[in-house]
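Trainee: Top line first, the protein sequences correspond to chains F and S. Quick note, in this note's numbering, the first sequence goes up one by one and the last residue is 202. Quick note, in this note's numbering, the second sequence goes up one by one and the last residue is 1202. Take a look at the following structure, please.
Protein chains: 2
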Amino acid sequence: MARTADPERAAARREAIVQAAAALFAERGFESTSAAEIAKAAGLSSGSVFYYFADKRAVFRAIFERDLPTSRELVDRHAAGEDPVASILAMVDAVAVEAMDPLAPGILVEVVRQAGKDPELAQVITETTAVLHEGFAALIARGIDTGAIDPALDPRETAQWIQVVIDGAFLNSDPDRDPRPMLRRMITRFLSRPCDPAGDHA
Amino acid sequence: MARTADPERAAARREAIVQAAAALFAERGFESTSAAEIAKAAGLSSGSVFYYFADKRAVFRAIFERDLPTSRELVDRHAAGEDPVASILAMVDAVAVEAMDPLAPGILVEVVRQAGKDPELAQVITETTAVLHEGFAALIARGIDTGAIDPALDPRETAQWIQVVIDGAFLNSDPDRDPRPMLRRMITRFLSRPCDPAGDHA
DNA sequence: GTCTATAGCTGGATAGAC
DNA sequence: GTCTATCCAGCTATAGAC
């Protein structure tokens, strides 16, 4: 029976709320989802939602706070690969599988909207994005050194554009269609040195 | 002085509401913008908003109803160009300039969200998107025929991916940064036949 | 810790004066 | 046609019982 404060149970409750809220926010949007609906979906009462979270925005932020460690791991796992282009593509693949989740467009759209209103959320998103950005930029710089990537590209701007394409894929996601093959084609070609059958002028 | 029902004045009023609403919806979102705020920004009273529009959603739809003719013109203007790849890039450029509007990410995000709730809006968006899609797909098919575009590509899927990248550029838009050069690089290379310095096997 | 009940507020849409 | 005033639904967040 123990006394109050069973941290495991509390963590499970919190997680149930976050999971239920993520699905509802993605489907209906943040403002159109009431705390009562979240509570019902998570199997508890609306009062309890505010016991575990200070307010509704804190519930939304919690969804994305889980992503920061995930991004760090992903970057670390691929930072040291021998072939920088292969590492970039592997990272893109890993991020893009999530785009097959039917909730992906809804949640992306909602995070863009809410990040403009909640500075604390904006901070969380900025950090997660920055981790991926640094990871891509470092690999691009290395690819330029090894000659695999077009030296005319700026690593940071190029990293940014990889993220742009991934965002596009998320936004237009379709659960029946794996975006990875086309994403690989697009990024591989985007990075590569120009085709130059005639040799260059030097 | 004329009698009631001056159609010009009415059209101007409607347009003022639509313009004011577009800016507010893009900045704050649809649900966080009240009819009273729209009315104030448009210089009339909240009651009048509902005189010109059946409800708030109709105001939102009106923003996008203006886009359909614009898209048709764009497609028609480029359908007959001699060089299909050049026409595709010109169309992309034309769409992408709009991405430099600081309101672009907000309005894109909002239309995705609202199209999921309002079937009439979804219809409007579907049509506009379809016009562009057909335009791109026809040019891609022609490019394959002329040998300028990789015959391994499916025209419709490829058209879809061009739109994916444009969406990404809209979402990550920055008024200080012209997305067109990188967009051109990305799409040109995406479409082209594989580099093949050794000649193909045939 | 978790519930029920509700205070307090906001905002869409309408009614009716002018 | 346009305004002011307002009705009413629905929501966040809290209070207090258990």
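Each residue gets a CB set at the ideal place from its N, CA and C atoms; glycine is no exception.
Restricting to Cα atoms, I'd like to know which of V85(F), M91(F), R57(F), V112(F) is closest to T70(F).
Mentor: Residue numbering aside, residue 70(F) sits at position 70 when the first sequence is read from its first letter. Of V85(F), M91(F), R57(F), V112(F), the residue nearest in Cα terms is M91(F).
Trainee: Using Cβ-Cβ distances below 7 Å, what residues of the segment 1164 to 1180 of chain S are close to chain F?
Mentor: V1164, V1165, D1167, G1168, A1169, L1171, N1172
Trainee: Using the beta-carbon count (16 or more within 10 Å), is V1097(S) buried or exposed?
Mentor: Translated into the one-based positions of the second sequence, residue 1097(S) becomes position 97. It counts as exposed.
Trainee: Please classify E110(F) as buried or exposed, where buried requires at least 16 other C-beta atoms within 10 Å of its C-beta.
Mentor: As a first step, residue 110(F) must be located in the first sequence, where it is residue number 110. So E110(F) ends up on the buried side.
Trainee: Let me know if D167(F) comes out buried or exposed under the rule of 16 or more other beta-carbons within 10 Å of its beta-carbon.
Mentor: Locating residue 167(F) in the first sequence gives position 167, where the first residue counts as 1. That one is buried.
Trainee: According to DSSP, is K117(F) helix, strand or coil?
Mentor: Numbered from its first residue, the first sequence carries residue 117(F) at position 117. Here K117(F) sits in coil by DSSP.
Trainee: When burial is assigned at 16 or more other CB atoms within 10 Å of the CB, is S46(F) buried or exposed?
Mentor: On the first sequence, residue 46(F) is found 46 positions in, with the first residue counted as 1. Flag for S46(F) reads exposed.
Trainee: Count the other C-beta atoms from every protein chain shown that fall within 10 angstroms of the C-beta of A1026(S), then say buried if there are 16 or more, exposed otherwise.
Mentor: Residue 1026(S) sits at position 26 when you count from the first residue of the second sequence. Buried, because 16 or more other Cβ atoms sit within 10 Å of the Cβ of A1026(S).
Trainee: Could you check what DSSP says for G106(F) in three-state terms: helix, strand or coil?
Mentor: Taking the first residue of the first sequence as 1, we reach residue 106(F) at position 106. Residue state, collapsed to three classes: helix.
Trainee: In three-state terms, what does DSSP make of T1126(S)?
Mentor: Within the second sequence, the letter at position 126 stands for residue 1126(S). DSSP places T1126(S) in helix when its eight states are reduced to three.
Trainee: Tell whether a beta-carbon distance below 8 Å holds between R180(F) and R1189(S).
Mentor: Your numbering for residue 180(F) matches position 180 in the first sequence. Your numbering for residue 1189(S) matches position 189 in the second sequence. No; because the gap between Cβ atoms is not below 8 Å, this pair is not in contact.
Trainee: Taking Cβ to Cβ, would you say F136(F) is nearer than 8 Å to I88(F)?
Mentor: Taking the first residue of the first sequence as position 1, residue 136(F) is located at position 136. Taking the first residue of the first sequence as position 1, residue 88(F) is located at position 88. Yes.
Trainee: For D1150(S), which residues of its own chain have a beta-carbon under 8 Å away from its beta-carbon, when the five flanking residues on both sides are left out?
Mentor: Looking up residue 1150(S) in the second sequence gives position 150. Only I1144, L1191, S1192, R1193, P1194 meet the Cβ criterion.
Trainee: For a contact defined as C-beta to C-beta under 9 Å, what are the partners of E31(F) on chain S?
Mentor: To locate residue 31(F), count along the first sequence from 1; it is residue 31. Think of a sphere of 9 Å around the beta carbon of E31(F): the chain S residues whose beta carbon falls inside it are G1029, F1030, E1031, S1032, in chain order.
Trainee: Checking contacts by CB at 8 Å: is F190(F) closer than that to chain S?
Mentor: Against the first sequence, residue 190(F) aligns to sequence position 190. Yes, because at least one Cβ of chain S sits closer than 8 Å to the Cβ of F190(F).
Trainee: Identify every run of the alpha helix (DSSP H) within the segment 64 to 93 of chain F, keeping only runs that are complete inside it and at least 4 residues long; order them along the chain.
Mentor: 67 to 79
Trainee: If you run the structure through DSSP and keep just helix, strand and coil, what is T1188(S)?
Mentor: On the second sequence, position 188 is the one that residue 1188(S) refers to. Residue state, collapsed to three classes: helix.
Trainee: Less than 8 Å separating the beta-carbons of A169(F) and L183(F)?
Mentor: Translated into the one-based positions of the first sequence, residue 169(F) becomes position 169. Translated into the one-based positions of the first sequence, residue 183(F) becomes position 183. Their beta carbons are under 8 Å apart, which means A169(F) touches L183(F) by this criterion.
Trainee: Apart from the five residues on each side of it in sequence, which residues of its chain come closer than 7 Å, Cβ to Cβ, to L74(F)?
Mentor: Within the first sequence, residue 74(F) is the residue found at index 74, counting from 1. For L74(F), where only same-chain residues beyond five positions count, the Cβ hits under 7 Å are M91, A94.
Trainee: Taking 8 Å as the CB-CB cut-off, is P119(F) touching chain S?
Mentor: Taking the first residue of the first sequence as position 1, residue 119(F) is located at position 119. No, its Cβ sits nowhere closer than 8 Å to a Cβ of chain S.
Trainee: For the segment 67 to 78 of chain F, which residues have a beta carbon sitting closer than 7 Å to at least one beta carbon of chain S?
Mentor: none
Trainee: Skipping 5 residues on each side, what residues in its chain have a beta carbon closer than 6 Å to that of N172(F)?
Mentor: Position 172 of the first sequence, counted from the start, is the residue given in the question as residue 172(F). Hits under 6 Å: none found.
Trainee: Report the rounded CA-to-CA distance for H78(F) versus F30(F), giving the unit in angstroms.
Mentor: Here the question's residue 78(F) lines up with position 78 in the first sequence. Here the question's residue 30(F) lines up with position 30 in the first sequence. Using only the alpha carbons, I get a separation of about 34 Å.
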